[in-house]
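Undergrad: Residue numbers for the sequence shown, in our numbering: 376 to 987. Don't be surprised by glycine CBs; every beta carbon is placed ideally from N, CA and C. Let me begin by handing over the structure; questions about it come next.
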Amino acid sequence: MALVGLFLGVGLGLAATRVSSSTKCANNDGLSAGKSSAGSVAEQPSEKPLAPQSVSDAASEPSGKIRVATGAAVAILGEDPIGLLDALLTATPGDMASILQRIQRLTGYQQMLIAPHLLGVWQELDAQAAARAIGEISAYSDIRSVLADSEQQRLMDLLKTDPMAAWAQIDENTLGTRAASTREAILMAIAKENPEQALEMSAGSFDAAVFEQIASADPKRALTMLETSPPSTSPAKLQRLLAAIARGWAKIDLDASTAWASENITSPTARTDWLNEILAQHDPAAAIPHAFSAGFVRGPDSAENLGYRLRSWLRDDRAKALAWLDSLPDSRIRNTIICAAGKGLYGPNEATLGLSLLSQLPGATSQERNSKSDAMKRVARIWMKEDAETARNWMTENLSTADATSLISEFSGEWARSDWPGVETWFRHLSPEDQPKAAQHLGEHFSRIDPDAALSWLADLPKEAKLSARSAMVEALPFEKAIAMISAVVTPGERDLGIYRLKNRLRSLDIREFRSLVESDAIDSLGFRSEIEGRLAHFGPEALTSIAPSIQDESLRATAYLIAAKTMARADPDAGRAILIGAVVPEATRQAILAEFDTALVSPSVQGGEAP
């Protein structure tokens, strides 16, 4: 990319002689897009020159400047783009159509590289035509983004001196996703001086941004103007416009706006939009009680939005925010607000508040328990990562035993890695009722840190804790050690459950784990033969051929060779047969699998390319 970057930097320097120094530039992997001043050439990343010609020398002879890069860049771009850059140097508006046709014949990648240079020269000649043309020749999102940025900035600059001209030059094809925000900004600027004209310019669409702007200065005027809305305006659109007026009104009189909005905004969607805007624009200590008392918080969604905003109030004035929470009469709404606020309080100085709030939540239903657990885990995960010792101590002293045990064990991986004796001491002091949950998490962590030590730890656990730990360890231990662990289980029900989990895990073993398994003598210990044979078919012939010699079980080894040969035969029957000829098996076994291979080779399934 360094070479491409140099080529583009040189090419852009050419365009600089034709381009105003006020236009913005954007860079992407050495690609300079938009217009640049001549001085910006010196700011390009330093590259080893391709010829002993300085940038200043090249600048005096534009055509020669391109030739500096030609020798090496032509291999990347081909000669046509070089010629196009030459043509761009002396282009007139009448030349651009033919240049565009030449660009359309380039590859997509070449178009992407040359488009910024086309923009740099052509924008000086006809900015709108340049933007449209480049949008047509390139489907690359980065080029379209550069064009949209450049065009939006141009219109915003024009807006300062001539809003009407800026409005007239809006081109949605060029602006893309920025068209709506550009349109809104221009309309709002016009609405400050002439709201009636702004509404007329919006072609009867009654833009919400215009009404918000008008209401921020004169709410009554905005309401009077709304009365002239077209009969075809839908009820939903009218509600959005009312919400826009309420938002603008709130900027000058929050009390009056809230009282009026509570009576007139009836759509749940419009009410939520209003609430979000009000909470974002105003001090939450004033806005939250206003919104709540006016009835804008009616369900879980709006309560959750309010909870997010409550966090800043809790940070600024914890006592008043908590007092307001305690005053809420609807426990369901209150709990939703607490959950939304609490899980956002996870910083070093506020995690205690977050967990304290969340610990108050009830857990009567499974949904409540899950919401509470997920929120507390979010806070604890971040706090344990930042300061594990402080977090553990605080949770042990301030949370219920069940909550503290769950959270500490859930995120005890790093603690176990650095201080297993400390973890084990903590675990041994838990009550028998709390040990199983902790054992599940600790068993998983410990199995990944020290498998042998984890198995020794497991042997000494009480029964319930052992069952819980084993359920996690069967997934976390190296597979062969997990087999040994389950093989040692004597209780039929526990053994069957372990075998079931091992079989599920076997289906996803990677090539390294599978090789380790088949090299051992544990294949038949738990009745895995059929599952192992099924897993063989998931590996390619090269992998199977490399694994097969080390398989201890002779019958399974022959099966691996045969599966590899049949798979290879779909593309090359002779290569498939060669696998069996070279198989490390007794001669009688070789002849048997060769015969089976030959039979499968002439079957329709193999000839059709399907699995034998």
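1) Between HIS913 and LEU703, what straight-line distance do the alpha-carbon atoms span, to the nearest angstrom?
2) Among ASP658, ASN724, SER525 and VAL865, which has the Cα closest to the Cα of THR557?
3) HIS665: buried (16+ other C-beta within 10 angstroms of its C-beta) or exposed?
4) Have a look at MET848, ASP676, GLU839 and ALA763 and flag the residue whose alpha-carbon is nearest the alpha-carbon of ALA828.
5) At 4 residues or longer, and completely inside the stretch 736-784: list those alpha helix (DSSP H) runs for me, N to C.
6) Cutting at 6 Å between CB atoms, please list the residues of its own chain near GLY623, excluding the five before and the five after it.
7) Thinking ALA992 and ALA555 are a contact (beta carbons under 8 Å), I'd like their distance in whole angstroms, please.
8) Secondary structure at SER637, three-state DSSP: helix, strand or coil?
9) Under DSSP, the alpha helix (DSSP H) around PRO807 begins and ends at which residues?
10) Measuring CA to CA, which of GLU855, ALA863, ASP809 and PHE854 is closest to LEU833?
11) In chain order, what residues of the same chain have a beta carbon less than 6 Å from the beta carbon of GLN810, not counting five sequence neighbours either side?
12) Under 9 Å, do GLU679 and ALA645 count as touching if we go by C-beta distance?
13) Could you compute how far the alpha carbon of LEU881 sits from the alpha carbon of GLU894?
14) How long is the line joining the alpha carbons of SER831 and SER748, rounded to whole angstroms?
15) Quick check: what's the CA-CA separation for SER687 versus GLY729?
16) Would you give the residue range spanned by the alpha helix (DSSP H) that TYR936 belongs to?
17) Express the C-alpha separation of TRP649 and GLN656 in angstroms, rounding to a whole number.
18) In whole angstroms, give me the CA-to-CA distance for ALA779 and ASN710.
19) If you count every other CB in all the chains shown that lies within 10 Å of the CB of PRO916, and 16 or more means buried, which is it?
20) Specify the secondary structure class of PRO796 as computed by DSSP and reduced to three states.
21) Quick check: ALA950 and ALA958, are their CB atoms within less than 9 Å of each other?
22) Could you check which residue in LEU617, ARG890 and ASN724 has the C-alpha nearest to that of TRP758?
23) From SER706 to ASN768, what distance separates their C-alpha atoms?
24) For ILE783, tell me which candidate among HIS816, TRP795 and ARG792 has the shortest Cα-Cα distance.
25) Where ASP691 and ASP630 are concerned, what is the direct C-alpha to C-alpha distance, given to the nearest angstrom?
26) Kindly give me the distance between the Cβ atoms of LEU836 and ALA814, rounded to whole angstroms, as I take these residues to be in contact under 8 Å.
27) Going by alpha carbons, who is nearest to SER345 out of VAL672, THR934, ALA636 and GLU602?
28) Could you check what DSSP says for LEU976 in three-state terms: helix, strand or coil?
29) In chain order, what residues of the same chain lie with their CB nearer than 6 Å to the CB of ALA940, ignoring the 5 residues before and after it?
30) Tell me whether the beta-carbon of ILE907 lies closer than 9 Å to the beta-carbon of LEU892.
31) For ASP532, I'd like the list of residues in its chain whose CB is within less than 6 Å of its CB, leaving aside the five on either flank, ordered along the chain.
32) Name the residue from TRP795, SER843, LYS838 and ARG753 whose alpha carbon lies nearest to the alpha carbon of ASP825.
33) Around the Cβ of GLY453, are there at least 16 other Cβ atoms within 10 angstroms (buried) or fewer (exposed)?
34) Could you tell me if ILE627 is buried or exposed, where buried requires 16 or more neighbouring beta carbons within 10 angstroms of its beta carbon?
TA: Checking against the coordinates, here is how it stands:
1) The sequence position of residue 913 within the sequence shown is 538, counting from 1. The sequence position of residue 703 within the sequence shown is 328, counting from 1. If I take the Cα positions, the gap works out to 59 Å.
2) By 1-based counting over the sequence shown, the position of residue 557 is 182. It is SER525 whose Cα lies nearest to the Cα of THR557.
3) One-based indexing of the sequence shown puts residue 665 at position 290. It counts as buried.
4) As a first step, residue 828 is located in the sequence shown; it is residue number 453 there, counting from the start. Per the Cα distances, MET848.
5) Entirely contained in the stretch 736-784, the alpha helix (DSSP H) runs reaching 4 residues are, in chain order, 741-761 and 763-773.
6) Against the sequence shown, residue 623 aligns to sequence position 248. So the qualifying residues of the chain are GLU587, ALA590 and SER591.
7) This structure cannot settle anything about residue 992, because the visible part of the chain is limited to 376 through 987.
8) Walking along the sequence shown from the start, residue 637 turns up at place 262. It is helical.
9) On the sequence shown, position 432 is the one that residue 807 refers to. PRO807 -> no alpha helix (DSSP H), and no H or E assigned at all.
10) To locate residue 833, count along the sequence shown from 1; it is residue 458. Of all alpha-carbon atoms in GLU855, ALA863, ASP809 and PHE854, the one lying nearest the alpha-carbon of LEU833 is that of ALA863.
11) By 1-based counting over the sequence shown, the position of residue 810 is 435. Here the set comprises ALA840.
12) Counted from its first residue, the sequence shown places residue 679 at position 304. Counted from its first residue, the sequence shown places residue 645 at position 270. No, the Cβ-Cβ distance between GLU679 and ALA645 is not below 9 Å.
13) For the purposes of this step, residue 881 is taken as the residue at position 506 of the sequence shown. For the purposes of this step, residue 894 is taken as the residue at position 519 of the sequence shown. Each residue's Cα considered, the two are about 15 Å apart.
14) Your numbering for residue 831 matches position 456 in the sequence shown. Your numbering for residue 748 matches position 373 in the sequence shown. C-alpha separation (whole angstroms): 31 Å.
15) As a position in the sequence shown, residue 687 is number 312, starting the count at 1. As a position in the sequence shown, residue 729 is number 354, starting the count at 1. Taking C-alpha positions only, SER687 is separated from GLY729 by approximately 12 Å.
16) Within the sequence shown, numbered from 1, the residue matching residue 936 stands at position 561. From DSSP, the alpha helix (DSSP H) with TYR936 extends over 929-944.
17) The residue given as residue 656 occupies position 281 in the sequence shown. The residue given as residue 649 occupies position 274 in the sequence shown. Those two C-alpha atoms are separated by around 11 Å.
18) Within the sequence shown, residue 779 is the residue found at index 404, counting from 1. Within the sequence shown, residue 710 is the residue found at index 335, counting from 1. Taking the straight line from one Cα to the other gives about 20 Å.
19) For the purposes of this step, residue 916 is taken as the residue at position 541 of the sequence shown. Label assigned to PRO916: buried.
20) What you label residue 796 is simply residue 421 of the sequence shown in a count that begins at 1. Residue state for PRO796 is assigned as helix, using DSSP reduced to three classes.
21) Sequence index remark: in the sequence shown, residue 950 carries index 575 (1-based). Sequence index remark: in the sequence shown, residue 958 carries index 583 (1-based). No, Cβ-Cβ distance for ALA950 and ALA958 is not below 9 Å.
22) As a position in the sequence shown, residue 758 is number 383, starting the count at 1. That would be ASN724, whose Cα lies nearest to the Cα of TRP758.
23) Mapped onto the sequence shown, residue 706 falls at position 331. Mapped onto the sequence shown, residue 768 falls at position 393. When only Cα atoms are considered, SER706 and ASN768 end up about 30 Å apart.
24) Here residue 783 refers to the residue found at position 408 of the sequence shown. ILE783 has its Cα closest to that of HIS816, out of HIS816, TRP795 and ARG792.
25) In the sequence shown, the residue the question calls residue 691 occupies position 316. In the sequence shown, the residue the question calls residue 630 occupies position 255. Each residue's Cα considered, the two are about 22 Å apart.
26) Position 461 of the sequence shown, counted from the first residue, corresponds to residue 836. Position 439 of the sequence shown, counted from the first residue, corresponds to residue 814. Going by Cβ atoms, the distance from LEU836 to ALA814 rounds to 6 Å, so yes, they are a contact pair.
27) Past the boundaries of the shown model lies residue 345; the chain is included only from 376 to 987, so the question cannot be answered.
28) To locate residue 976, count along the sequence shown from 1; it is residue 601. Three-state DSSP puts LEU976 in a helix.
29) Counted from its first residue, the sequence shown places residue 940 at position 565. Hits under 6 Å: GLY951, ILE954, LEU955 and PHE972.
30) Along the sequence shown, one-based indexing puts residue 907 at 532. Along the sequence shown, one-based indexing puts residue 892 at 517. Yes, these two residues count as a Cβ contact at 9 Å.
31) For the purposes of this step, residue 532 is taken as the residue at position 157 of the sequence shown. Result list for ASP532: empty, nothing under 6 Å.
32) Indexing the sequence shown from 1 puts residue 825 at position 450. When each option's Cα is compared against that of ASP825, the closest is TRP795.
33) One-based indexing of the sequence shown puts residue 453 at position 78. Bear in mind that the predicted position of GLY453 carries a pLDDT of just 49, short of 50, making it unreliable; the figure below should be weighed with that in mind. It is exposed - the Cβ of GLY453 has fewer than 16 other Cβ atoms within 10 Å.
34) The sequence position of residue 627 within the sequence shown is 252, counting from 1. Under this definition ILE627 is an exposed residue.
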